[in-house]
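Participant: In the working numbering, the protein residues as written are 12 to 275. We treat Cβ as the ideally placed atom computed from N, Cα and C, and that holds for glycine. Predicted model only: the values in this text are computed from it and were never measured.
Below you can see the structure in the form of C-alpha cells.
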C-alpha cells in the first residue's frame, strides 16, 4: 500500500526506487559530545561522500558546516535530528527536548526530521515525548516533510525482552503519526513482521560498534531481505579501520540493491 508521502519529493529523496537507503549517521555529538572517530564530523561526511551511500543523518551544526559540499552532491539525502536526550546513560532521571523545529528543517533544506521515542523513562517523560512527536507530526504535515521516529530503550542490553518491547513501542510511534520507523535490528523475522504490520518504511539502525565486519554485513543484508527500506549505520562502519570500512560500505551498498524490494 502506498503511503501518503509515496509520491512526495522529500520521501523519494530519502528512499530511491532502485535500492534501499544507506544512511550514515554523524549526529552523535548531540547527546555524546566528542565521539571517538567522529571528532570532526564534517570531515567524516566528506569522507563518505566518496562512498556508495545515499545520505546522512545530521545535526543543525553539521548542516551549516557542510552546505557547500552538499550543494555539490545534490543526490545525497539529509535527515535532521531535531531532539536529544540527556543523559542517555540514566533514562530514569534524564530528559528529552527539541533542539530544532520543522521550520528550521525546511529552511535548511533537509529531507526528513528524526525524533527519538525512549520508553524506559518515567511516565511523565513518556507524556512529554508523545506530545512533542504529535506536535512535530502536525507541523511537518504542513510542509510535506517526513517524520522518522526511533523507538529505543536507552542504555539497555539487546535482550529478547528488550527487542520485543521495542516492537511494541514501534506501534506507539506509528499511532503517533510517524512516516518512517527507525529501529535497532531486531532480527530478520521480527523485521519482516514489523514491515508487514505497519506497512510504512522501516529502517534498521546499526547501533554501537560490535562484532566483526562480516557479522555487521549479515545483519544488514538480512534486514533488507526481510523488508527494511533502509539502514542507518554509523559507529559500526566509521569506527573501524579505513580499509575495513571501505570494504564494508561497498558490500552493504551491494546488498541495498540485490536484496531490496520496494514496499511503499
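For residue 209, does the three-state DSSP call read helix, strand or coil?
Facilitator: Indexing the chain shown from 1 puts residue 209 at position 198. Residue state, collapsed to three classes: helix.
Participant: Rounded to whole angstroms, what is the Cα-Cα separation between residue 32 and residue 271?
Facilitator: In the chain shown, counting from the first residue as 1, residue 32 sits at position 21. In the chain shown, counting from the first residue as 1, residue 271 sits at position 260. So the two alpha carbons sit approximately 10 Å from each other.
Participant: Starting from residue 82 and walking both ways along the alpha helix (DSSP H), at which residues does that stretch end?
Facilitator: Position 71 of the chain shown, counted from the first residue, corresponds to residue 82. Where residue 82 is concerned, the enclosing alpha helix (DSSP H) stretches over 78-82.
Participant: Within the continuous beta strand (DSSP E) that includes residue 89, where are the two ends?
Facilitator: What you label residue 89 is simply residue 78 of the chain shown in a count that begins at 1. It spans 88-92 - the beta strand (DSSP E) in which residue 89 sits, taken as one unbroken run.
Participant: Quick check: the region 26-41 against the region 235-249, are there 3 or more CB pairs under 8 Å?
Facilitator: Yes, the region 26-41 touches the region 235-249.
Participant: Between residue 95 and residue 147, what straight-line distance do the alpha-carbon atoms span, to the nearest angstrom?
Facilitator: For the purposes of this step, residue 95 is identified with residue 84 of the chain shown, where counting begins at 1. For the purposes of this step, residue 147 is identified with residue 136 of the chain shown, where counting begins at 1. In a straight line, the C-alpha of residue 95 is about 14 Å away from that of residue 147.
Participant: Near residue 84, what residues of its chain come up, given a Cβ to Cβ distance below 8 Å and the 5 sequence neighbours on each side ignored?
Facilitator: Sequence index remark: in the chain shown, residue 84 carries index 73 (1-based). If we look at residue 84 and ignore the five residues flanking it on each side, its Cβ neighbours are 60.
Participant: What is the C-beta distance between residue 92 and residue 25, in whole angstroms, given that I count them as a contact (C-beta under 8 Å)?
Facilitator: Counted from its first residue, the chain shown places residue 92 at position 81. Counted from its first residue, the chain shown places residue 25 at position 14. Incorrect: roughly 14 Å between the Cβ atoms, too far for contact.
Participant: Any heavy atom of the ligand FMN inside 7 Å of the beta-carbon of residue 61?
Facilitator: The ligand FMN is absent from the structure shown, which contains no ligand whatsoever.
Participant: Could I get the ranges of all uninterrupted alpha helix (DSSP H) runs contained in the region 180-245, with 4 residues as the minimum, in chain order?
Facilitator: Counting only runs of 4 or more, we get 199-209 and 224-236.
Participant: Just reading off the alpha helix (DSSP H) that residue 57 is part of, what are its end residues?
Facilitator: Your numbering for residue 57 matches position 46 in the chain shown. Segment 52-59, the alpha helix (DSSP H) holding residue 57.
Participant: Give the C-beta separation of residue 128 and residue 163 to the nearest angstrom, bearing in mind that I take them to be a contact with Cβ-Cβ under 8 Å.
Facilitator: Along the chain shown, one-based indexing puts residue 128 at 117. Along the chain shown, one-based indexing puts residue 163 at 152. Yes, residue 128 and residue 163 are in contact; Cβ-Cβ is about 7 Å, under 8 Å.
Participant: What residues match up with residue 261 in a beta bridge as DSSP calls it?
Facilitator: Taking the first residue of the chain shown as 1, we reach residue 261 at position 250. None, per the DSSP bridge assignment.
Participant: Check whether the region 220-232 and the region 258-266 are in contact - that is, three or more C-beta pairs closer than 8 Å.
Facilitator: The region 220-232 is in contact with the region 258-266.
Participant: Just to check my reading of the structure: residue 197 and residue 236 have Cβ atoms closer than 8 Å, yes? What is that Cβ distance to the nearest angstrom?
Facilitator: Here residue 197 corresponds to residue number 186 of the chain shown, with the count starting at 1. Here residue 236 corresponds to residue number 225 of the chain shown, with the count starting at 1. With 8 Å as the limit, residue 197 and residue 236 do not qualify as a contact, their Cβ atoms being about 14 Å apart.
Participant: Pull up the distance between the alpha-carbon of residue 97 and that of residue 108, whole angstroms please.
Facilitator: Taking the chain shown and counting its residues from 1, the one referred to as residue 97 is at position 86. Taking the chain shown and counting its residues from 1, the one referred to as residue 108 is at position 97. Rounded to whole angstroms, residue 97 to residue 108 spans 9 Å at the Cα level.
Participant: Going by Cα to Cα distance, which pick from 122, 80, 220 and 112 is closest to residue 47?
Facilitator: The count along the chain shown starts at 1 and reaches residue 47 at position 36. Selected option, being the one with the closest Cα: 220.
Participant: My output table needs one value for residue 12: the three-state DSSP class, helix, strand or coil.
Facilitator: Position 1 of the chain shown, counted from the first residue, corresponds to residue 12. Any answer about residue 12 is weak, because its pLDDT of 45 lies below 50 and its placement is not dependable; what the coordinates show is given next. If DSSP states are grouped into helix, strand and coil, residue 12 belongs with coil.
Participant: Less than 8 Å between the CB atoms is what I'm expecting for residue 181 and residue 194, so what's the real figure, rounded?
Facilitator: Along the chain shown, read from residue 1 onward, the residue named residue 181 stands at position 170. Along the chain shown, read from residue 1 onward, the residue named residue 194 stands at position 183. Contact holds; Cβ gap of about 6 Å.
Participant: List the endpoints of the continuous alpha helix (DSSP H) containing residue 114.
Facilitator: Along the chain shown, one-based indexing puts residue 114 at 103. Residue 114 -> alpha helix (DSSP H) spans 113-119.
Participant: Which residues bound the alpha helix (DSSP H) around residue 46?
Facilitator: For the purposes of this step, residue 46 is identified with residue 35 of the chain shown, where counting begins at 1. Note, residue 46: premise wrong, no alpha helix (DSSP H); not H, not E.
Participant: Below 8 Å between beta carbons: does that hold for residue 268 and residue 115?
Facilitator: Residue numbering aside, residue 268 sits at position 257 when the chain shown is read from its first letter. Residue numbering aside, residue 115 sits at position 104 when the chain shown is read from its first letter. In this structure, residue 115 does not lie closer than 8 Å to residue 268 by Cβ.
Participant: Ordered along the chain, which non-local residues of its own chain (more than five positions away) have a Cβ less than 8 Å from that of residue 278?
Facilitator: In the structure as shown, the chain begins at 12 and stops at 275. Residue 278 is therefore absent and cannot be evaluated.
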